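In the UniProt record's numbering, the protein residues as written are 1 to 583. Even glycine gets a Cβ: it sits at the ideal position worked out from N, Cα and C. The model shown is predicted, which means the values in this text are computed figures rather than measured ones. In what follows, a single structure is set out as C-alpha cells and then discussed.
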C-alpha cells in the first residue's frame, strides 16, 4: 500500500494542470447550476475512483458503501444521498477515464493541510505534521496503534500509512465535512484496521472500553465552552469529579478524555492555546496533570503557521511517570515563507535533545509555585534578579469600570464637571493632554464607578502595554476605561516611593520585560491584577529617586523647549513657502 500511495503522490505532484482543470469544471458547475451542499474535489476524486473499482456501476457502488466497511450509518446515508444527486452522478460518470493514480492522489492529498473544526480554523502545514510525528516518537520499525481526536481530514493518517507500520487507527471528530473526507480516505487505504467515530470524545457514546493506544494526537476545540448539561464518558466524569473544580472550557476535558486511553509506555501530544495554559479557570485540571506526572514537555511553536491566523500554538507532550517537565521556547525557530511560517524542525530537534537558553527542565514543585502556569517563557526566560518589592505591596491597584459605548455616550458631557474620562488612546502621547479628554456627568455614574482624585500611574491591561502619568489639578477627578489599571502609592509607602519613579521603571527595558513576562494570551496579551501585583519594583532610596527625577525633569523641559522651537521653525518655513506661491 505504501508504494501505491507514493506513486499516487508523485502523479498528483506532476498533474497541476489536470487538477486545475478538474477544479474549474467542478466548481463552475456547482456555482452556476447548483446551490446545494457540495464537497471538495478530493471527495469527488475518491468517489470517481471507487465508482471505477465497482465497474462504473452506481448500483455496485451503493452496495459497496452500504457494506459496513466504515461502521458509521450516518456516513453511509450521507454518501448514498449525495451520489444520487443528478449533477454529482453526471460529474462522476464524465470523469471515469481519469487515471487511477491521479484520482487516488487527489483523494489523498488535495488540500491535505487545509482543515477547520467549528470555531477553530487552521491550515496545518507540513512542518507541523512532521513536528507532531517527532514529538510522538513514532517508531519506524515496529507496529503501533494511533488515536486522533479532532481536526482530522485524513492527512495525518495518510502520512502514517506512508511512513510507518500502523496497526490500527481510531479517530474522533464531530465536524461532518471533515469526517466525510477522513472516512473516504480510510476506505481508499483498504487494509487499515480503523474506527472512525463522528462524535465528541467526551460524550457518553464512547464505543471502546479497555482499548489502549501507543500514540494519541488531540487537537481540542480551543476555548469551547463547557456546558453543565454535557453528557460525558463515565471514565472522564469520574476523573473530573475527583479533580473537584470543573473548567470553564472544554479543551483540557478533551485532553483528559483522550489521555484515559493512552498505554502506560505511550506518548500523547495535545495542541493547545495560550489561555489553556495560563487561565485561572483551568488551574485545577492543569494541577491534576502536573501532580500526577502526566506532562512530559511543553513546547511553544512559532505563530502564523497558517496564512489565515497568527494564533500561536503550544504542543503539550503527555506520558506517564514524569517527575520533571521540560519547557521549550521554539517561537523564533521558523523559516519565513511569504505569508506564513514553517517550523525549523532541525533546530527544534536540537532544542529537544539539548539544554539551551531556550529550554529548561523544572520540577513539579516549581510549576506549583507558578500556580501551574504552563507557559514555556515563564521558565525559559533568563531570571531577572534585583532587590525589589512587589508592586501590590507598595501600591493600590484598581481596574476601570467596563462602560458600554451607549452608556458612555449618555454620561459624557460638554459641561465642565471636574471629572474627565480617560481612554486607552490618551496614553499614546508622551504626556496625557487632560484638556482633550471628555467630561463625565457624575450624577449619571454607577455607584461602582470609582472616581480617582489623586495623581495616578495608568497602565493598559492588554498589549501593546502602554503607561503614563495622570497629574490632576486640585479638585479634579478622572474615571478610567475598563482596559486600564490605576496605580497609586499606598499611604504607608508614600515616604518611600515616588509614583513618577515607578512610571519611569514601567517605561524601561527592564520594566517592559517584567510586564511581558507576566502577561498571557495569544495574539493580544493581557495582564491580570494578580500578576501585576507580583511585579517587582526596584528598591531605591527616596533621595536617589528624587535625584533621578530631577535629572529627567530637566531633560524633559529641554525637550519641550526644543519641540517648541521646532514648531516655530516649521511655521516659519510654511509661511515662507506660502508667501512665495501666493499668486
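Checklist entry - So the beta strand (DSSP E) residue 388 belongs to, where does it begin and stop? => result 388-390
Item to check | Cβ shell of residue 514 (< 6 Å), same chain only, five flanking positions each side left out | outcome: 535
Checklist entry - In or out: residue 99 buried (at least 16 other Cβ within 10 Å) or exposed? => result exposed
Checklist entry - How close, in whole Å, do the beta carbons of residue 358 and residue 330 come, if the pair is a contact with beta carbons under 8 Å? => result 7 Å
Checklist entry - Candidates 291, 334, 314 and 102: which alpha carbon is nearest residue 324's? => result 291
Next on the checklist: Pairs of beta-carbons, one from the segment 218-228 and one from the segment 178-187, closer than 8 Å: are there three or more?
Outcome noted: no
Checklist entry - So the beta strand (DSSP E) residue 591 belongs to, where does it begin and stop? => result The first residue shown for the chain is 1 and the last is 583, placing residue 591 beyond what the model contains.
Item to check | Stretch-stretch touch, CB-based, cutoff 8 Å, three pairs: the segment 365-380 with the segment 391-407 | outcome: no
Checklist entry - Do you know whose CA, among 140, 277, 162 and 576, lies nearest residue 373's CA? => result 277
Checklist entry - Which runs of the beta strand (DSSP E), 3 residues or longer, sit entirely within the segment 353-412? => result 359-363, 388-390 and 395-399
Next on the checklist: Mapping the DSSP letters down to three states, classify residue 315 as helix, strand or coil.
Outcome noted: strand
Next on the checklist: Just list the residues that DSSP pairs residue 249 with in beta bridges.
Outcome noted: 225
Checklist entry - Residues in its own chain within less than 6 Å of residue 269 by CB, not counting five upstream and five downstream? => result 132, 135, 136, 217, 315 and 317
Next on the checklist: Does residue 171 pass the burial test, meaning 16 or more other C-beta atoms within 10 Å, or should it be called exposed?
Outcome noted: buried
Checklist entry - When you compare only the Cα positions, how much space is there between residue 125 and residue 102? => result 22 Å
Checklist entry - What does residue 468 pair with, by DSSP beta-bridge criteria? => result 458
Next on the checklist: Please state whether the Cβ-Cβ distance between residue 167 and residue 140 is less than 9 Å.
Outcome noted: no
Item to check | Cβ distance (whole Å) where residue 479 is taken to contact residue 419 below 8 Å | outcome: 6 Å
Item to check | Proximal residues to residue 43 (C-beta, below 7 Å), its chain only, five neighbours per side dropped | outcome: 180, 181 and 184
Next on the checklist: According to DSSP, simplified to helix, strand and coil, what is residue 45?
Outcome noted: helix
Checklist entry - Going along the chain, which unbroken runs of the alpha helix (DSSP H) with 4 or more residues stay wholly within the segment 243-304? => result 251-259, 274-278 and 283-291
Item to check | Cβ neighbours of residue 7 in the same chain (closer than 7 Å, five flanking residues each side left out) | outcome: 101
Checklist entry - What does DSSP give as the partner residues of residue 525 in its beta bridges? => result 521
Item to check | Continuous beta strand (DSSP E) stretch holding residue 538: start and end | outcome: 536-538
Checklist entry - Within the chosen definition, does the segment 238-252 reach the segment 486-495 through at least 3 CB pairs nearer than 8 Å? => result no
Item to check | Three-state secondary structure (DSSP) of residue 54 | outcome: coil
Next on the checklist: Report the CB separation of residue 264 from residue 320 in whole angstroms; it is logged as a contact under 8 Å.
Outcome noted: 6 Å
Next on the checklist: Just to confirm the assignment, what range does the beta strand (DSSP E) spanning residue 341 have?
Outcome noted: 341-343
Checklist entry - How many Å lie between residue 94 and residue 74 at the Cα? => result 27 Å
Next on the checklist: Whole angstroms are fine: how far does the CA of residue 64 sit from the CA of residue 343?
Outcome noted: 41 Å
Next on the checklist: As a quick exercise: from 501, 406, 280 and 15, pick the residue whose alpha carbon is nearest that of residue 530.
Outcome noted: 280
Item to check | Sequence-distant residues of the same chain with beta carbon closer than 7 Å to residue 41, five excluded per side | outcome: 22, 23, 26, 106 and 110
Next on the checklist: Along the chain, where does the alpha helix (DSSP H) containing residue 501 start, and where does it finish?
Outcome noted: 499-506
Checklist entry - Where do the ends of the alpha helix (DSSP H) carrying residue 559 lie? => result 542-580
Item to check | Buried/exposed call for residue 238, threshold 16 Cβ in 10 Å | outcome: exposed
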